[in-house]
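> Numbering (the working numbering), first residue to last: 20 to 591. First the structure, which I've put down as structure tokens, then a few questions once you've had a look.
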RNA sequence: AUCCCGAUGGUGUAAUUGGUAACACACCAGAUUCUGGUUCUGGCUUUGGGGGUUCAAGUCCUCCUCGGGAUGCCA
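And the structure:
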């Protein structure tokens, strides 16, 4: 049974890639029967901020692993051991984001605070076996006593406090008899250990603070290192997957489990957290962006948060695909944001309905088209899908085209509209520009063009070709819309490379959000709902903004631009 | 400085665990196209350095170099 459960390259990834190093470890454990046939993981967020794409990687890893193995289980556990930083608001937001990603933890929602009583029993065990003591040194002195990586620390004068006294003081700590920081419970390990984490680490600190779930019951709160392994053990976690910065803490994780009567001993495995170019993944910085109103909340479409990407129009499947494709390793790496954009495009190319929207309108009068006349064309919704269906597009004498689809002095390589040149209006007619009208400043304000009636539907009976096809909307039928173009939040590829003396705000991209208020979109977009992807033909993938979009005042966000080889050519 | 971890093309991840270094992205060139999108074809570039074991090393050993982490009563 366990053997059949083992993931190999063939079934996991169509023979392309072998299992990642974590799944290899699990495969081995299954072979040796280390945990029987069980595979049980968890995602343990601290409810002190919103989830970002880096958390999504971790969720997809942890929960994805459990889903991969027959009978695998995964828990959602809030690691709420620090009452001063955590809030219920975040708990709800985190649950919503994970659900949206498509994971269902069923009845396995837990809180570290549910285990506070058990933690206390474990602490008593440690005290009773002489492996923990109450220290009364002030924080600064504890720091001094700890030494440095090159100099060993020295024992606290309170290190050999009698067990009975420790017990009594711990009880008093618990009951709120002391002020914050007055005493601390520490593990008695080794003050000269080469691993600083092992130099008598803190177990309980006094915080006379109200906890979002346990209220005023506790006056002491457990430290991460002490609590985390117990949380895992209590839940029967088999593989406790965390990020690289906890590698130095693994000996501690194991020490705490080894020195009490823990129900089992999960294995901690570390992987490299996600770094994405042109953005930051630090909760502190993201919180700062929000509180200083540099962005429009945690779900600003420029934010690398799950809720930000959701509002922008990214789909959960794209995020999951991304998480899978970037892989897992122990190397600190920087993923190119363009790779994420590629994943989004790859999906939306298949799923997004094509529509026409003119972002920067230029009026075109078709001088040989009857005034007041309207006709309709059938337009395919998605050429990638066989039965993608069609919709009607109205056409009339005055239309809008994209301003940069016209050039007065056009180079040879420019395949779009220019005086005397002919292009195709997508789905409609061939169009030739005859005249242009300018304002006093010399800006082109209107084009006078003619269509070839013979080319109705988009093809010429005489077989002549046009180099360019452009999109358009009928002026009389267009819907006014606001369109927001989003781009990278920061201008620096690797935000870890910030120059000294500068702060991350110095690298904010002023063009990360461009709001266009005079856009003209085709009538079918009247039914757009947030989350549904559209391809604005030749422009990019867009979705209605979940915060501001209304039927009366449409607002569309650009999820990602289309590849643009003309723009690339121009740069040369 | 000490300890821990890591190093495979421009980027990210593989390599049947000692047996032809591959997949994707990016980039370049061309073809196709009623989206300068998509699709297709071709090209480019890789095992950080020295030494060793072996018939055979990206993989094992050793030294070096470089990068990251660790000196919270944060997680």
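Each residue gets a CB set at the ideal place from its N, CA and C atoms; glycine is no exception.
Name the one or two DSSP bridge partners that residue 547 has.
In DSSP, residue 547 forms no bridge with anything.
> How about residue 324 and residue 568: are their beta carbons less than 8 Å apart?
no
> Going by the CB atoms, is the gap between residue 192 and residue 238 shorter than 8 Å?
yes
> Taking just the CA atoms, how far does residue 266 sit from residue 207?
21 Å
> Per DSSP, what are the beta-bridge partners of residue 197 in this structure?
Beta-bridge pairing links residue 197 to no other residue.
> With distance defined between alpha-carbon atoms, name the residue in 233, 105, 529, 314 nearest to residue 64.
105
> Given residue 287, which residues of its chain have a CB within under 6 Å of its CB, disregarding the five upstream and five downstream residues?
259, 269, 272
> Any chance you could list the alpha helix (DSSP H) runs of at least 4 consecutive residues sitting entirely within the region 402-488, in chain order?
If we require 4 residues or more, the region 402-488 turns out to have no alpha helix (DSSP H) run fully inside it.
> Following a CB-centred definition, is residue 85 positioned closer than 7 Å to any heavy atom of the ligand GTP?
This structure simply doesn't include the ligand GTP, nor any ligand for that matter.
> Tell me where the alpha helix (DSSP H) around residue 272 begins and ends.
269-277 is the extent of the alpha helix (DSSP H) around residue 272.
> Take every Cβ of the region 521-533, pair it with every Cβ of the region 340-349, and state whether three or more of those distances are shorter than 8 Å.
no
> Check whether the region 454-468 touches the region 487-499, counting contact only when three or more Cβ pairs, one atom from each stretch, lie closer than 8 Å.
no
> Drop a sphere of 10 angstroms on the beta-carbon of residue 73, count the other beta-carbons inside from all chains shown, and report buried for 16 or more, exposed for fewer.
Buried, since its Cβ has 16 or more Cβ neighbours within 10 Å.
> Given a threshold of 16 other Cβ atoms within 10 Å of its Cβ, counted over all protein chains shown, does residue 99 qualify as buried or as exposed?
buried
> What are the boundary residues of the alpha helix (DSSP H) that includes residue 110?
107-120
> Here's the rule: buried if 16 or more other CB atoms are within 10 angstroms of the residue's CB, otherwise exposed. What is residue 257?
buried
> Applying the criterion that 16 or more other CB atoms from any shown protein chain within 10 Å of the CB defines a buried residue, is residue 520 buried or exposed?
Counting the other Cβ atoms within 10 Å of the Cβ of residue 520 gives fewer than 16, which makes it exposed.
> Looking only at DSSP bridge pairs, what is residue 296 linked to?
Answer is none; residue 296 lacks a bridge partner.
> Using C-beta distances below 7 Å, list every residue in its chain close to residue 482, excluding the 5 sequence neighbours before and after it, in chain order.
Nothing listed; no residue qualifies.
> Which term fits residue 38, buried or exposed, when burial requires 16 or more other beta carbons within 10 angstroms of its beta carbon?
buried
> Please determine if the region 472-486 and the region 550-558 are in contact, where contact requires at least 3 C-beta pairs separated by less than 8 Å.
In short, these stretches do not touch, since the Cβ pair count stays below three.
> How many Å lie between residue 540 and residue 66 at the Cα?
41 Å
> Please list, in chain order, all residues of the same chain as residue 549 whose beta carbon is under 7 Å from its beta carbon, the five residues on each side excluded.
562, 563, 564, 565, 568
> Grab the span of the alpha helix (DSSP H) containing residue 137 for me, first residue to last.
For residue 137, the enclosing alpha helix (DSSP H) begins and ends at 135-147.
> Could you check what DSSP says for residue 259 in three-state terms: helix, strand or coil?
Note: residue 259 maps to strand in three-state DSSP.
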